[in-house]
Structures are given as structure tokens and as C-alpha cells.
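Beneath this line is the structure, given in C-alpha cells, with notes to follow.
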Amino acid sequence: MDSLPGDHDRGGEAAAVSTRTKAPRSRAATRAPYPFAAIVAQEEMLRALLVAAVDGSIGGVLVLGDRGTGKSTAVRALAALLPPMKAVEGCRFGCDPGDAAALCEACRAKPRLRAVEVPVPVVDLPLGATEDRVAGALDIERALAEGVKAFEPGLLARAHRGFLYIDEVNLLEDHLVDLLLDVAASGENLVEREGISIRHPARFVLVGSGNPEEGELRPQLLDRFGLCVEVRTPTDLPTRIEVIRRRDSYERDHAAFCAAWEKEQVKLRRRILAARAALPSIEVPDAALERAAQLCMALGTDGLRGELTLIRAARAHAALEEVERVGDDELRAVASPALRHRLRRNPLDETSSSTRVERAVAELFGQ
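Heads up: the sequence shown at position 301 corresponds to 336 in my numbering, and the numbers run straight through without jumps.
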């Protein structure tokens, strides 16, 4: 089986943005993104992002932890790693030509759809963005004067079928949180102004990062993330040295550094494609369903979203590891990120959520 990035080679971290939003061109912006395969340590974060890349229905990834631990780097490096996707040529929303039910209004009206390959969008949502920039804007004057629904797509439209990334997500304004919750639940974005409305598909994997010390997420938004990962500053000397070495190497000559890691990037990209193809055939036996339910009951999670996410994540992890059926090992590997943010708080218990999950896993599955 292939190992996760960082298991066989300790890598470093660097920042490289790949979005569909307009930004001033700069020397930093033209750099090749830092290779995902070269990121050092943080195995749980890397695993969660790969699992989300294999199965978008899991519900996205929330990455919480210290500053400078590679949260943004890992998310943005994912953009260069993902295989291209097929989209309808000329479509503003990147509709899937193979999914007739999810086509936008303009694509439905076309007599023939031509497919082209495009990069998977990874779009940044800035904290200070206006609602019009996020949801899109209608030209009311043109609509009244010409009777035309002139619509300028927003960030949600650009992120369709891709990833919407929010750095410092715990600081996001409440009105944008409400908008994201509505769109995440329906898979569509509805823009209404002065009696005029536009509806378009907006299905994306939501990825957020933040520092818990700067504020907590609203429970409704926290529940929308399928996986929650905690990252920490490496504490062992060899790992910290390797982070510095690789970061410095990337800064001095990013082109040569990326070229040196291209072979690993290709292997990882093929691994994602193979996992996606294998996903429908991964068996989830009743024993695995029972284990998942027992674990959630032991932890006292609300609702059934925990079990569903745990099973989906375990299945995607099995596909990545080329395992044909979900067993205890697969459930154990994704239990903490799938469940740690779904636990009820007990003010009398100072034990962290991660420790509670690990303890329950050890009791149920054995050491």
C-alpha cells in the first residue's frame, strides 16, 4: 500500500495560492504551488484532505491549530495535486456534462454540450468579502431597462465542483455563515434582488482553517464540516530541522524544488484517481456499521451524522489504501477527525475531545 505524504519522506511547508479570484500579479503569485507530497508530518491533516478529495460527500474539512503549522499551505497545495475535471465548455459555473440533473439553466438550453478539461477550482473566501462578492450580483438597472437577467457570478459559483477555502473561518461574519449554511444544505445558490432571482448549482467541498484561541465557530457551521483536524507544532528536533531545510530550499529555488517532487506528486495524483474509481466497490459490512454505531453511542454524539461521516470517511480511506472492505483499522484511522467536533460538552470534564475519542476507540477496538 502507498503511504501518506510525509510517511516516507519528511517534507516542509510553504505558501502558494491557487484560486479563481482576481489578484494582483506578483512574484509570489507566479510561483509553482508547494508540493502536497512534500509537506512534513501532520499526517492526520493530510489524510483528511485526501479523503475529502476522494469523496466530496463527506462534507469538507476543518483544520484547527497553532499558527505556522502548514494549515493554509496544505489546503492550497491540494489545488495543484488534484486531477483536472470535465466541464461544459463556456459554462460560467463549470457544470458537469455527464450530470444532466445538475446542469445550470444556460447549459440545459444548449442543443449540444461540449466537454473540456479544466482545473478543479480552489477558491479563497476572504473574511472581509461582501455578500455580493460571495453570492454574486444582479444588474438591476439592466434587468429593468432591457429585461435581461445580467448576473455576475460570485465566489460560490466559481467554487462549484471544487473547494471553497476560508482561512480564519472562526472569524467569519454571521451573515456569510448563514449564507454558507443555506447553500451547503441545498447545493444551490439563490440570488434575489428587487423581485428578480437567479439560481445556479453550488456544490463544493468546504475547507476551513483557524486558531481556536481567536474564537469559536458557531455550532451550526461546525456541524457542517465532515472532518475536524487538530494540528500542532512539531516537538521533535529532526522534524523541525527538516521543515526549515525544505522551506528554505523551496524559497531559494521553487522551480527546482517542485521538479524534484514531481514524481511523488504524480504518484499521489494517480492514487486519488484510483481511489475514486474503487470507491463504489468498497464493501462496508454490517460489522463495520455496528462498530461505528457503538462508537458514536459510547461518545454520546447527537444525531446520526457522526456514523454517516465515519463510514464514508472510512470507505474513502480504504480506497486510498487499496483495501477492499472497511474494517476496524479503517474506522480507527478516521474516528478522531470524524467525531471530535460532534461531542457534547461536559463542563465538569476537562478532558479534550480528541482524548475522549481516542479513549473510546481504544476501549472498543482494543489497543
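All residues carry an ideal CB built from backbone N, CA and C; glycine is no exception.
About 7 Å separates the Cβ atoms of His376 and Leu97, confirming a contact at the 8 Å cut-off. Comparing C-alpha distances from Gly163 to each of Val155, Leu190, Ala185 and Arg267 shows the shortest one belongs to Leu190. Counting only runs of 4+ residues, the alpha helix (DSSP H) found wholly inside the region 198 to 248 occupies 209 to 221, in chain order. If you ignore the 5 residues before and after Trp296, its C-beta comes within less than 6 Å of the C-beta of Pro70, Ala72 and Ala73, all in its own chain and listed in chain order.
With 16 or more neighbouring CB atoms inside 10 Å of its own CB, Ala76 falls in the buried class. In the DSSP assignment, Leu262 falls outside any alpha helix (DSSP H) and within the unbroken beta strand (DSSP E) covering Leu262 to Val266. Ranked by Cα distance from Val361, the options Pro315, Ala395 and Asn205 are led by Pro315. Around Ala172, the same chain offers Glu187 as residues with beta carbons nearer than 6 Å, after the five sequence neighbours per side are excluded. Of the residues assessed, Ala353 falls on the buried side of the cut-off, its CB having 16 or more other CB atoms within 10 angstroms. In the three-state reduction of the DSSP assignment, Ala164 falls in the coil class. Here Gly222 is not near Ala348, since their CB atoms are 9 Å or more apart. The beta carbon of Phe292 sits closer than 7 Å to those of Ser284 and Tyr285, all from its chain and outside the five residues before and after it, given in chain order. Between Leu207 and Leu241, the CB-CB gap reaches or exceeds 9 Å.
Of all C-beta pairs linking the region 230 to 250 to the region 195 to 212, three or more are shorter than 8 Å, placing the two stretches in contact. According to the DSSP assignment, Leu99 belongs to the beta strand (DSSP E) that extends over Val96 to Gly100.
Excluding the 5 residues flanking it on each side, Glu365 has same chain C-beta neighbours closer than 7 Å at Ala349, His352, Ala353 and Val358, in chain order. Take Asp209, set aside five residues on each side of it, and the residues of its chain with a beta-carbon closer than 8 Å to its own are Arg253, in chain order. Considered as a whole, the region 250 to 303 harbours 262 to 266 as its complete beta strand (DSSP E) runs of no fewer than 3 residues, in chain order. A straight line joining the alpha-carbon of Ala185 with that of Asp174 spans about 5 Å. Listed as beta-bridge partners of Arg360 by DSSP are Glu318.
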